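Below: the structure, in structure tokens.
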Amino acid sequence: MSDTKTEKTPLIKTYDDEVEELTGCGATLPCNPTRPLHRYLVLIIMCFLSFGSYFCYDNPAALQDNMVRDLDISVGQFMGFYSWYSWPNVILCFFGGFLIDRVFGVRIGAVVFSLFVTVGQIVFAMGSVVDKYWLMCVGRFIFGIGGESLAVAQNTYAVKWFQGRELNMVFGLQLSFSRVGSTVNMNVMQPIYSFISNSTTGYKCLGITLLVGGVMCILSLICALALGYFDKRADRILKRASVSSDEVIRIKDVRYFGFKFWLLCVICVAYYVAVFPFIGLGLVFFEMKFGMAPSTANSVNSLVYIISAVASPVFGFLIDKSGKNVFWVILGTTVTIACHAALAFTFITPFVAMSVMGLAYSVLASALWPMASMVVQQHQLGTAYGIMQAIQNLGLASISIAAGNIVDSKGYLILEVFFLAWLCIALIAGVLLYLVDAAQGGVLNRSAGDRQKEREEKEKEAIIN
Amino acid sequence: MSAVMERLLLIGVILAFISGTECDRKVTTSIKHGCYNNTEDACGSYGYIEAVGEQDTLHYLVSTLGLPTIFVAYTDKDVTAQVDLDKLLSPNVTERQDTVTFTPSSGVKYSYSMAFTKLIDYNDTKDKADMTQYSPSTTAYNVYDLGDFMWKNISVTSTPENNVIVFEAAPSNNYDDLWLSNGTFSIQLTAFSKSGREDNLPHLQYNENLTQFDLNIDHLYTNLSKSRFAVEIALIGDNAKQMHVDETRSIDDEYTPGVFTIYNWLTDEGDDKGFLQWKPVCYKSLQRSRAEATGMKHYGMRLSTDIDPYMNTLVYGYYGDNLINTMINVGNFSFGLSQDGGYNKTQVLTWSGSIGYGVPPADAISKLVIIIISAGLGLPVVLIIFGGIFVCIKKRNQPVEKPLRSIQGQGYQPLPEN
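Structure follows, in structure tokens:
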């Protein structure tokens, strides 16, 4: 964090002492960057920044049957659309984050990655129009390059605008927006396909449907441009610090991220692999163990997503009020352990376990991601989020494969034990994080009141400077 | 010192546990083939599995005479079994009585039998994999009486040195359609001298008190487009006591992935009883794997007073006309699960179960699971306790009266080495 700033780099930079006079609309409440209302309006744009990529990411799932039929591909080839997205991102979003810090800056970065997303979706759709499977894979690949890095840019923006204020809530809101994006996609793509099939059929119809999905990407691109404008304006008016040349990150600097950051990464990967690969396998598990009908099993399985979409901003807000992020992370992990244990060792209806897991996941996600901004310095933030995202992707991709193999050879009980083991690792990392942090003065687990005081201290310090 | 004691105690417990479960039986299998009055047209064979324990003996008499039948007798150790095969093959009912005997007959403590009675093929037009959805008038049924099947000589199909006996149907004129695609229908029986677990899925647990069966349907012909197969099984008790089916749900599916239920069809309460044990899973390929697994369904059992199907079997040979006084229960077992593609997808079905005497084997959670869980949950707890103590001591040693700003300054310092 910016705690270690030296005299060379004051906390709030003052390039010229003249304060810009805002006139006209610029001075009104919604447009004045010094006012909270302006921040909230920008937040809406920020949420829509990655809406398009989340919307289009799950286009194949929403149109699975149509794709397999119209393109005459196997289910394996269909799954290829997802692996062409995810495997490159195991490392690419790390470079995406680095590029944001080093080359583009967050403003240009967001625009560039939105462009990738849009172009990728269009190539994907054109691949369908001309019925070329390989071209569609290329499209998904380009789309993937943009998608994950765009999420990194979004995180970086969030920290830039909301650090020390409503950051937890903002992360919660972004999380819930990603779920909203997928859900909207799942519900509207099929009707769009049916509507277009009135005029054309087969792969052409599919391609045009995907192009309509691409409109969402263009919306996100517009958001990226708007954000860039507002961010630049706010930088000018608020005289926010811009990165000076001696602060530019080098790849080597990753070494200095500190033990706490790597503990955050461990929690991030160990927790997420115990939730998402499980949801991928949950449907059959609920049918087999609890004797549920496929439709019931499906609604139980989607509980985590639905609940987290609603609860994340709320919990984020509460965590903003209370502070003590490490405590919330430990609590979220512990509760998730209890949920997995209930699923593994009891016959209690999974409605309970999955609902509670949805809540626990919301708490954890809203509390975990903002912490990264407290342990690394501002100019390394993109890289830091890129690393977290990359490690998480790597974990999810490899653990999903491992989990499938475990179910086939050893069954669901062992699978649950496997997930419990991961959660225990997350818990150990959480406890270690608390101990290390407490030993170093408790930056992360500070209460909201203390953070308020700290901000006032900082402001005083800035005035003295 | 106490640690050593503890370890010794632990070893003692393990040894006691091992010796407690150790009660192997010596298992020998033999097969006899014979013909009535030495005429070639009335020939048959039976297999005899004898499992001799320390105090008692289990006799399995198995044959395709009349029906594919397994007759089980639990006796004192030195009791011997005799089968008069020539007479059992006789067309004369009275001659077939008392062809299965034990000497001394007072040494027989319990006996019961299992017979595969029918093979059923129904058209699952609604794809529900549930026979109760249909009556004979609402969908097409092909019902094959296994008593009308021709069977290969079991001395040709079996390997008695491995304690394996195979009943294999031979194509015949009775149901010539069934063999249009050169299919096979077979039931394999395997006896064990000690306890363990089957190598193949569903990895049923076996012990010296039971015999496992594998039912294989391989490319039998069906004229039904949504065909699903089922078998009818009869259990014939020693007496008139009520039978029941126990459903045990388990959290543990490590031996049979995805299957959390085990069924036991028990001929009686208490220890003195026969059982038929199965898991509700069958496979759509002879190379069993989880990807080929599909579900199955049983429909409870119903009382039967019809003894005609058993008049040519070993069962009648033992009970004779007393058969009318024993409990006969019949149950259907249908294979497949809704949306699994039905029989026509692979035209192969294979299903396993075991029949035996006494208390059926029950699954227990393996040590691996317990170790992982206790280590996984124990480690964080230990860490929290010791870490908590560490932090408390540290806080007590240096009271926090520093201003917040100096705390900030410590942001990146490594842990002090004390």
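Sequences listed follow chains A and B, in order.
When we follow our numbering, the leftmost residue of the first sequence carries the number 2, and every step to the right adds one.
When we follow our numbering, the leftmost residue of the second sequence carries the number 15, and every step to the right adds one.
Yeah, the Cβ is synthetic: ideal placement off N, Cα and C, and Gly gets one too.
Just so you know, these numbers come straight off a predicted model, no measurement behind them.
Restricting to Cα atoms, I'd like to know which of the options is closest to residue i.
i	options	result
V267(A)	T201(A), N394(A), D321(A)	N394(A)
D132(A)	V69(A), V213(A), G359(A)	V69(A)
I231(B)	G210(B), T53(B), Q301(B)	Q301(B)
K409(B)	M355(A), A440(A), L365(A), I407(A)	A440(A)
K372(B)	I201(B), A154(B), Y88(B)	Before going on, a small fix: residue 372(B) reads as Gly here, not Lys. For the residues I201(B), A154(B), Y88(B), the minimum Cα distance to G372(B) belongs to Y88(B).
D70(B)	D286(B), D228(B), F274(B)	D286(B)
H39(A)	L332(A), D232(A), D409(A)	D232(A)
D322(B)	S303(B), L218(B), D159(B), V395(B)	D159(B)
I238(A)	G442(A), R447(A), R452(A), T35(A)	T35(A)
I331(A)	L433(A), M47(A), F96(A), P295(A)	L433(A)
I179(B)	L79(B), G61(B), Y330(B)	G61(B)
T347(A)	F116(B), L203(B), E212(B), F274(B)	F274(B)
G288(B)	T270(B), T225(B), Y235(B)	T225(B)
F277(A)	A404(A), F82(A), S296(A)	A404(A)
L365(A)	Y58(A), L207(A), Y204(A), F316(A)	F316(A)
R108(A)	N156(A), I92(A), L424(A), F352(A)	N156(A)
F497(A)	W423(A), A368(A), S183(A)	Because residue 497(A) is not part of the residues shown, which for chain A are 2 to 466, the question remains open.
G80(B)	L218(B), R110(B), Y297(B), W193(B)	R110(B)
V86(B)	S172(B), S368(B), A183(B)	S368(B)
Y257(A)	Y230(A), Q378(A), G148(A), S448(A)	Q378(A)
L151(A)	G128(A), H380(A), Q175(A), T201(A)	Q175(A)
I402(A)	I74(A), M80(A), I46(A)	M80(A)
V329(B)	T42(B), L102(B), I45(B)	L102(B)
Apart from the five residues on each side of it in sequence, which residues of its chain come closer than 8 Å, Cβ to Cβ, to residue i?
i	result
L220(A)	F49, F52, G53
G450(A)	G324
A354(A)	C340, H341, A343, L344
G402(B)	none
T35(B)	Only weak support exists for where T35(B) lies, its pLDDT of 46 falling under 50; the value from the coordinates is given anyway. Closer than 8 Å at Cβ, skipping near neighbours: S209.
M15(B)	Because M15(B) sits at a pLDDT of 40, beneath the cut-off of 50, its placement in the model cannot be relied upon, and the following sentence gives the value as read from the coordinates. Here the set comprises nothing.
T146(B)	Y313
G145(A)	W85, Y86, S87, P89, N90, L93, G121
S448(A)	S323, G324, K325
M257(B)	L249, G251, W279, L280, T281, D282, M315, M341, N343
Name the chain B residues that come within less than 8 Å of residue i, Cβ to Cβ?
i	result
D409(A)	P271, S303, R304, A305
A345(A)	I265
M372(A)	What M372(A) touches in chain B: nothing, since even the nearest Cβ is about 13 Å away.
Using a C-beta to C-beta distance shorter than 7 Å, which residues of chain B count as neighbours of residue i?
i	result
C425(A)	G390, L391, L393, P394
V301(A)	The contacting residues do not exist; V301(A) stays about 16 Å from chain B at best.
V418(A)	V383, I386, I387
K499(A)	With chain A covering 2 to 466 only, the question about residue 499(A) has no answer from this structure.
Interface residues of chain A around residue i at Cβ under 7 Å?
i	result
E268(B)	K411, G412, L414, I415
R263(B)	F348
For a contact defined as C-beta to C-beta under 9 Å, what are the partners of residue i on chain A?
i	result
K408(B)	A439, A440
L397(B)	L428, I429, V432, L433, L436
Suppose the cutoff is 7 Å on Cβ atoms and the five residues either side in sequence are ignored; what does the same chain contact list for residue i look like?
i	result
A254(B)	N339, T340, M341
R180(A)	Y306, S309, A310
I143(A)	F117, V120, G121, V124
A373(A)	F262, L265, A385, Y386, M389
Apart from the five residues on each side of it in sequence, which residues of its chain come closer than 6 Å, Cβ to Cβ, to residue i?
i	result
L168(A)	P371
N188(B)	D162
G423(B)	For G423(B), the predicted model reports a pLDDT of 41, less than 50, meaning its position is unreliable; a value from the coordinates is still stated below. Nothing listed; no residue qualifies.
E98(A)	The residue asked about is misnamed: residue 98(A) is Gly in this sequence, not Glu. V153, G383, T384, Y386, G387, listed in sequence order.
Please list the partners that residue i has in chain A, where partner means a Cβ-to-Cβ separation under 8 Å.
i	result
F404(B)	L436
G401(B)	V432, L433, Y435, L436
Using a C-beta to C-beta distance shorter than 9 Å, which residues of chain B count as neighbours of residue i?
i	result
V1(A)	As shown, chain A starts at 2 and ends at 466. That puts residue 1(A) outside it, with no answer to give.
A422(A)	I386, I387, A389, G390
Count Cβ pairs between the stretch 336-344 of chain B and the stretch 300-320 of chain B that sit closer than 8 Å; are there 3 or more?
Put simply, the stretch 336-344 of chain B touches the stretch 300-320 of chain B. At least three CB pairs are less than 8 Å apart.
With a threshold of 8 Å, are at least 3 pairs of Cβ atoms found where one atom belongs to the stretch 118-130 of chain A and the other to the stretch 410-430 of chain A?
Not touching, per the Cβ criterion.
Curious, which full-length alpha helix (DSSP H) runs of at least 4 residues does the stretch 89-161 of chain B contain?
If only complete runs of 4 or more residues are kept, the stretch 89-161 of chain B shows the alpha helix (DSSP H) at 99-102, 107-110, in order along the chain.
Quick check: the stretch 359-367 of chain B against the stretch 93-106 of chain B, are there 3 or more CB pairs under 8 Å?
Remark: fewer than three beta-carbon pairs, one from each stretch, lie closer than 8 Å, so the stretch 359-367 of chain B and the stretch 93-106 of chain B are not flagged as touching.
Assess, as a yes-or-no matter, whether the stretch 205-223 of chain A is touched by the stretch 63-83 of chain A under the definition of 3 or more beta carbon pairs within less than 8 Å.
In short, these stretches touch, since the Cβ pair count reaches three.
Could you pull out every unbroken alpha helix (DSSP H) segment of at least 4 residues lying fully inside the stretch 233-298 of chain A, listed in chain order?
Within the stretch 233-298 of chain A, the complete alpha helix (DSSP H) segments at least 4 residues long are 259-273, 277-291, listed from N- to C-terminus.
Segment contact, 8 Å Cβ cut-off, at least three pairs: the stretch 241-251 of chain B with the stretch 121-131 of chain B
With a cut-off of 8 Å, the stretch 121-131 of chain B and the stretch 241-251 of chain B count as touching, because enough Cβ pairs lie within range.
If contact is defined by three or more beta carbon pairs under 8 Å, each pair taking one atom from either stretch, is the stretch 422-432 of chain A in contact with the stretch 377-391 of chain B?
Judged by Cβ distances under 8 Å, the stretch 377-391 of chain B makes contact with the stretch 422-432 of chain A, as three or more pairs qualify.
Segments assigned alpha helix (DSSP H), at least 4 residues, entirely inside the stretch 105-133 of chain A:
Taking only runs of at least 4 residues, the alpha helix (DSSP H) segments lying wholly in the stretch 105-133 of chain A are 106-130.
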